[in-house]
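K.L.:
Counting from 1, position 67 in the sequence shown corresponds to residue 70 in the working numbering; the numbering is continuous, with no gaps. Positions of the beta carbon are idealized from the N, C-alpha and C atoms, including for glycine. No experiment lies behind these values; they were computed from the predicted model shown.
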Amino acid sequence: MRRPPRLLPLLALVGLGAASWIGGPAAWAGDPTPPPAADDPTDGGPLARLAPWLVHEDWSMRSLAAFDLRRRTEPEVVRWATKGLRVARHPYADALLLEALDGRPREELVREGGPDLAETLLSRLDDPHPRVREAARRLAARMPPLQVPPEPERLRAWWARGRKALELERTHLLEEHARAMEDAARAKKPPPSGGAANSVETTTFDDDFYEYMARARRDGLELVIVLDHTGSMAGVIGAAKAQARRLVERLRGYVPGFRAGLVTYDDAPWLRLPLTTDPVAVEKAFRRVGAGGGADYMEGVDKGLFLALRQDQLGWSRRAQRVCVVLGDAPPHDEDVVRLLRKLQEARMDPMFDHPLIVHTVSTADSPVPYFDQIARAGGGRATELRGTGRLVEELVALTFGARDRKHLGAWMEAIDALRREDPEPERR
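#1: For residue 25, collect the residues of the same chain with a Cβ closer than 7 Å to its Cβ; drop the 5 residues on either side in sequence, then sort them by chain order.
#2: Report the rounded CA-to-CA distance for residue 95 versus residue 62, giving the unit in angstroms.
#3: Would DSSP call residue 428 helix, strand or coil?
#4: How far does the alpha helix (DSSP H) with residue 62 in it extend, from its first residue to its last?
#5: In whole angstroms, what is the alpha-carbon distance linking residue 424 and residue 432?
#6: Could you give the residue range of the alpha helix (DSSP H) that holds residue 307?
#7: Cutting at 6 Å between CB atoms, please list the residues of its own chain near residue 130, excluding the five before and the five after it.
#8: What runs of the beta strand (DSSP E), each 3 residues or longer, lie entirely inside the segment 301 to 369?
#9: Bridge partners for residue 268 per DSSP, in chain order?
#10: I want to know whether the segment 215 to 222 touches the segment 344 to 352 - three or more CB-CB distances under 8 Å.
#11: Could you name the residues that DSSP lists as bridge partners for residue 262?
#12: Can you list, in chain order, the stretches of the beta strand (DSSP E) that have 3 or more residues and sit fully within the segment 122 to 196?
#13: Give the secondary structure of residue 294 by DSSP, where H, G and I count as helix, E and B as strand, and everything else as coil.
#14: Do residue 416 and residue 213 come within 8 Å of each other at the CB atom, strictly closer than that value?
#15: Helix, strand or coil for residue 405? Go by DSSP, reduced to three states.
#16: Could you give the residue range of the alpha helix (DSSP H) that holds residue 103?
#17: Helix, strand or coil: which one does DSSP assign to residue 385?
#18: Quick one: what does DSSP say residue 399 is sitting in, helix, strand or coil?
#19: Just grab the DSSP bridge partners of residue 279 for me.
#20: Whole angstroms is fine: what's the gap from residue 284's alpha carbon to residue 100's?
Right under this line is the structure:
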């Protein structure tokens, strides 16, 4: 059955909303006061798992969830983005949340966001970060019933008189949407979807990654690289020397207290650098490593790891997330493997530390190194292969952050890097 036209809401909108900007800007004293907390979004649904991260106190966690949210096309994206924007202000998280709103139909912005979203957008019209400011103005201009020029004075003038009109329209849209859902249920048809596209993007960070990153940001993150320094590793060692400082600075950009250390080995272990926050010290330690020796196929992988595990030598923190990454192209001696695996299992659950140790292995040979998979499993980590020395930093960052989807992690980091480059006040973040 055809529905009657929406005359009442339209009359209310024109009467209450449009007049405010047609007649010119009204007086406005500063940005709107931050609104009270909105009602919680509906429980359940495919986006519900992002809820704790969108409202997390740490901007980095909110930005991860915002990055995931902007790649989704389901209904409720606007509701969740609005919720995230109302928690606290940080330009990088805000910019990604606003990107999640770009391209959503106006009807969805009003129905799921309504006055809460409008007020939040108006509070960011003069944000110092250009990406946030421009997105807020662009989106705020779509909230009135007739589009307003994206000028702060005109938008504030509309809001001073148009809030009630927006509330009325939202109520009407919610009722209409509820009826459509009921009709679809009775007809056993798929419910109406209001999105920017028909397909649903499902590539997101998994729950383990969110939890790991939250712990690292809260408690600290420490990485010890355990590097085979025999002659066959010359190419990898050269790449490590060139990229060591970048690696530390990259990780410190996301975990400010990040520390790194270095152990090398052939048949014997060498402590090159205890854990430190200093990227220059890490770079110097790598530059002092020379590739040589290694006439035997098997090397002292176990001895390098045993040294790396020693708190008295490396200076591991009790609270931090601890990660070891073994880089090599040769396996341990057969007779040392059982003891090594047992030691790793014990070290993982050492009661002296708050979080389990994680040990990853990276095969730099043309094929997986024997025993490296078993070492990684015993250490609760992953065994990977290095596909070219140019990807060394990318590989180490992904392993240190515990990300299974390197491409997705890299895309998030590139998005944050771009926002940092445009930030007029990066030193304040």
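P.N.:
This is what the structure holds:
#1: Residue confidence is low: residue 25 scores 35 on pLDDT, short of 50, so the model does not pin down where it sits. No coordinate-derived value is stated.
#2: 8 Å
#3: coil
#4: 62 to 73
#5: 12 Å
#6: 304 to 311
#7: 136
#8: 324 to 331 and 361 to 366
#9: 231 and 272
#10: no
#11: 225
#12: none
#13: coil
#14: no
#15: coil
#16: 94 to 104
#17: strand
#18: helix
#19: 263
#20: 37 Å
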